[in-house]
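**Q** Following this message is one structure expressed as structure tokens.
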Amino acid sequence: MGRSCKKLSNVHGYCSAQYKVKETKVVKKYDPITPENAVLLLIDHQVGTLSFGISDIDPVNLRNNTMWLAQTAKDMKIPVILTTSNAAGANGPLFPELIGMLPGVPIIDRVIINAWHDKQFKDAVKKTGRKHLIMAGVTTDVCLTFPAISAAQEDFDVYAVVDASGTLSLQAFHAALHRMSTFGVQTMNTNAVVAELQADWSNKFAETTAKSYASYVPNFGYIAAHLEQVKTSK
């Protein structure tokens, strides 16, 4: 079967395939992520995995967004679970800046590809008592998609952060999005996650969130100015 962009969506320069796939429409009541109901799961953000040829996103942006998620979780006291795959091998260690930002957070190393099938990882998630799982992983189509689907099948609300994840091609990226959405995983980007967690610029996290925007999205520096306006208007 050939490919054509005629009458098909063209996202990020990638022409969607003309394959007919039966989709499962999953409709849930909107239940936003909050600092009280969410847990952040960072899967295989390792020096080696980032060097495998990630091409659907600039690796610098991927790293930046991962750090922004970690910073937000730290500021809002959201539990974080870190896991690596065969860190002593080709995948290498966790990003050193993640280790520096989250001192004392255990790193669960695995040999099982699907992190959800690793008992230590799954037990750590369940121990938090939280059902809203914010996930990111490298690669998107394997390290993120596999556990995201598995957790969704066990009635967790899963939010896959696609710009803090990366894979080897745009085809793999779009296939992963389709597969996850078919199984009820909600796909988000880092900015949307941070904004939904913040929710209200008059709450106690406003100052630290504004600082994180200024650090990780310099062009959004105006948010800090907006925050001051909110404060002075009260």
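In this text, residue positions in the sequence shown follow the numbering used here: the first is -16, and each later residue adds one. Glycine included, C-beta positions come from ideal geometry on N, C-alpha and C. Keep in mind that this is a model prediction, so the values were computed, not measured.
1. At the level of alpha carbons, what is the spacing between residue 31 and residue 126?
2. Since residue 39 and residue 152 are thought to touch, with beta carbons under 8 angstroms apart, how far apart are those beta carbons, to the nearest angstrom?
3. My output table needs one value for residue 38: the three-state DSSP class, helix, strand or coil.
4. Return yes when the Cβ of residue 155 is within less than 8 angstroms of the Cβ of residue 143, no when it is not.
5. Check each candidate in 11, 13, 17 and name the one with the smallest Cα separation from residue 176.
6. I believe residue 107 touches residue 95 by the beta-carbon criterion, under 8 angstroms. Please report the beta-carbon distance rounded to the nearest angstrom.
7. Counting only C-beta atoms, is residue 74 closer than 8 angstroms to chain D at any point?
8. I'd like to confirm the pairing. Which residues does DSSP put opposite residue 63 in its beta bridges?
9. Count the other CB atoms within 10 Å of the CB of residue 13; is the residue buried (16 or more) or exposed (fewer)?
10. Go to residue 144, then tell me how far its alpha helix (DSSP H) extends in each direction, as first and last residue.
11. Considering only DSSP beta bridges, list what residue 92 is partnered with.
12. Which whole-angstrom value is the C-beta distance of residue 105 and residue 20, which I expect to be below 8 angstroms?
13. Closest by CA to residue 57, which one among 128, 120, 22?
14. Taking only three categories from DSSP, how would you classify residue 218?
15. Going by DSSP in three states, residue 33 sits in which element: helix, strand or coil?
16. Let me make sure I understand the geometry here. Which of 119, 111, 174, 170 has the alpha-carbon closest to that of residue 202?
**A** Inspection of the coordinates gives the following:
1. 14 angstroms
2. 6 angstroms
3. Correct three-state label for residue 38: coil.
4. no
5. 17
6. The pair is not a contact, with the Cβ atoms about 14 angstroms apart (cut-off 8 angstroms).
7. No chain D appears in this structure, which consists of one protein chain only.
8. 23
9. exposed
10. Looking at the DSSP string, residue 144 is not in any alpha helix (DSSP H); the run it does join, the beta strand (DSSP E), is 140 to 144.
11. 67
12. The pair is not a contact, with the Cβ atoms about 18 angstroms apart (cut-off 8 angstroms).
13. If we check each option's Cα against that of residue 57, 22 comes out closest.
14. Since the displayed the chain opens at -16 and closes at 217, residue 218 lies outside it and no answer follows.
15. Three-state DSSP puts residue 33 in a helix.
16. Comparing Cα-Cα distances from residue 202 to each of 119, 111, 174, 170, the minimum goes to 174.
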